[in-house]
Structure formats: C-alpha cells, structure tokens
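Chemist: Numbering (the numbering used here), first residue to last: 214 to 359.
Backbone N, C-alpha and C define an ideal beta-carbon position, used for all residues, glycine too.
Being a predicted model, the structure only gives us computed values, none of them experimental.
One structure follows; several queries about it will come next.
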Amino acid sequence: MAKKKKVLVLNGPNLNLLGKRQPEIYGRLTLDQINKKIHALAKELRVEIDIRQSNSEGELVDWIQAAPGNFGAIVINPAAYTHSSVAIRDAIIAAGIPAVEVHMSNIYKREEFRRHSYVAGAAVGQIAGFGVESYLLGLRAAVRQL
Ligand code: DQA
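See the structure below:
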C-alpha cells in the first residue's frame with residue numbers, strides 16, 4: 214500500500230505566546246491546547262501530522278525546504294512573516310507542494326500593513342479570521358490536496 218502522505222503544520226513568530234498574547238484578538242487557548250485540537254482532527258481524518266513553531270524565519274525556510282518527500286502538504290500560519298517574508302514565499306514555491314495559509318485573526322480587518330501577504334501568492338488558498346477553527350479548516354483543506 215502507498216505510504217500515507219503527512220501534513221506539516223507550521224507556526225511563525227510569537228505564536229508560542231498564544232494564550233497570553235493579545236487574548237482579545239487571538240483568544241485564550243495556548244499553542245499546546247490548539248495543537249491538541251489539530252491532532253484530534255488529524256486522527257479523525259486519518260492523516261499523520263507534524264506541528265512545529267519557530268520564531269526564526271530561517272528555521273521556517275529550512276523546514277519548508279525539507280518538506281517535499283516527507284510531507285504532501287503544508288498548513289502555515291506565518292504570523293508576522295506573512296507581511297514581510299519573500300524568503301518564506303520563495304521556499305513554498307520551491308518546495309512545490311501545496312500550502313494552505315492560515316491566520317487566527319481576520320488580517321483584512323486590522324492595521325493596513327497586515328492586509329498584504331507575501332505568502333498568499335504562493336499558497337493554494339488562505340483562511341483567516343476564525344480563531345482556532347482557521348487551523349482546523351486549514352487542515353481539512355490541506356488533506357484535500359494530498
Ligand atoms: C496572525 C496575524 C499576523 O498579522 C500576526 O502578525 C500574527 C498572527 C494570525 O494568526 O492572525 O502573529 O498570523
């Protein structure tokens with residue numbers, strides 16, 4: 214039987230602070246609590262996942278570069294790098310596997326600088342504004358790409 218393809222779930226800078234960081238925008242769940250929900254959905258969808266977080270742009274780029282072969286799709290919340298990182302955009306294009314961009318907040322409803330995403334042009338699609346549900350919708354979308 215063909216090896217089941219896995220989904221890589223990536224989180225960018227400051228998302229390790231979820232729970233205490235601007236709870237009025239991002240809610241009160243910690244990243245660990247969010248990850249438990251993503252793992253529960255992955256089990257239901259019978260897909261293997263690997264969830265990682267980094268505050269470093271280079272580390273995220275390294276993980277994206279290494280993804281093909283091990284993973285069939287990526288779910289990524291690039292956090293602040295969404296609005297600044299050509300490197301992450303280029304890495305996703307180079308990796309050549311589908312990526313779903315997710316944001317907990319609605320980035321179009323906030324400050325002007327959040328309205329532009331460098332990652333969006335490299336992603337299959339974007340889900341923003343649904344809190345923790347953005348990750349769950351993102352995983353469902355990514356699984357459909359496998
Ligand atoms: C975010 C939105 C970004 O603008 C912000 O820098 C984040 C989180 C979100 O999930 O809503 O860190 O990606």
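#1: Determine the direct distance from the alpha carbon of V345 to that of Q246, and round the result to whole angstroms.
#2: Helix, strand or coil, according to DSSP, for E234 in the structure here?
#3: Rounded to whole angstroms, what's the CA-CA distance from L231 to S298? Just pull it up for me.
#4: Any heavy atom of the ligand DQA closer than 7 Å to the Cβ of N227?
#5: For R353, name the three-state secondary structure that DSSP assigns.
#6: Closer than 7 Å to a non-hydrogen atom of the ligand PLP - does that hold for the CB of A293?
#7: If we call anything under 8 Å between Cβ atoms a contact, is V356 one with L258?
#8: What does the alpha-carbon distance come out to for the pair A354 and E272?
#9: With a threshold of 7 Å (Cβ to nearest heavy atom), would H329 be considered close to the ligand DQA?
#10: Are the beta-carbon atoms of I277 and V315 separated by less than 8 Å?
#11: What did DSSP end up calling L359 once you bin it into helix, strand or coil?
#12: Within 10 angstroms of its Cβ, does N319 collect 16 or more other Cβ (buried), or is it exposed?
#13: Does the ligand DQA have even one heavy atom less than 7 Å from the beta-carbon of S318?
#14: Check whether the Cβ of N268 lies closer than 7 Å to any heavy atom of the ligand DQA, and answer yes or no.
Modeler: This is what the structure gives:
#1: The residue you call residue 246 lines up with position 33 of the sequence shown. The residue you call residue 345 lines up with position 132 of the sequence shown. Roughly 10 Å between the two C-alpha positions.
#2: Within the sequence shown, the letter at position 21 stands for residue 234. Checking the displayed sequence, the identity of residue 234 turns out to be Arg instead of Glu. Three-state result, R234: coil.
#3: The residue you call residue 231 lines up with position 18 of the sequence shown. The residue you call residue 298 lines up with position 85 of the sequence shown. Cα-Cα distance, rounded: 21 Å.
#4: Here residue 227 refers to the residue found at position 14 when the sequence shown is read from its first residue. Flag set: Cβ of N227 near the ligand DQA.
#5: Here residue 353 refers to the residue found at position 140 of the sequence shown. R353: helix per DSSP, three-state reduction.
#6: The model depicted lacks the ligand PLP and carries the ligand DQA instead.
#7: Locating residue 356 in the sequence shown gives position 143, where the first residue counts as 1. Locating residue 258 in the sequence shown gives position 45, where the first residue counts as 1. In contact: V356 and L258 (Cβ atoms closer than 8 Å).
#8: For the purposes of this step, residue 354 is identified with residue 141 of the sequence shown, where counting begins at 1. For the purposes of this step, residue 272 is identified with residue 59 of the sequence shown, where counting begins at 1. Cα to Cα, the separation comes out at about 24 Å.
#9: The count along the sequence shown starts at 1 and reaches residue 329 at position 116. H329 Cβ: outside cutoff for every heavy atom of the ligand DQA.
#10: For the purposes of this step, residue 277 is taken as the residue at position 64 of the sequence shown. For the purposes of this step, residue 315 is taken as the residue at position 102 of the sequence shown. Taking C-beta atoms as the reference points, I277 and V315 fail to come closer than 8 Å.
#11: By one-based count along the sequence shown, residue 359 stands at place 146. DSSP places L359 outside both helix and strand once states are collapsed to three, so it counts as coil.
#12: In the sequence shown, the residue the question calls residue 319 occupies position 106. In summary, N319 is exposed, with fewer than 16 beta-carbon neighbours lying within 10 Å of its beta-carbon over all protein chains present.
#13: Reading the sequence shown from its first residue, position 105 is the one you call residue 318. Yes - the ligand DQA has a heavy atom lying nearer than 7 Å to the Cβ of S318.
#14: Here residue 268 refers to the residue found at position 55 when the sequence shown is read from its first residue. No - the ligand DQA has no heavy atom lying nearer than 7 Å to the Cβ of N268.
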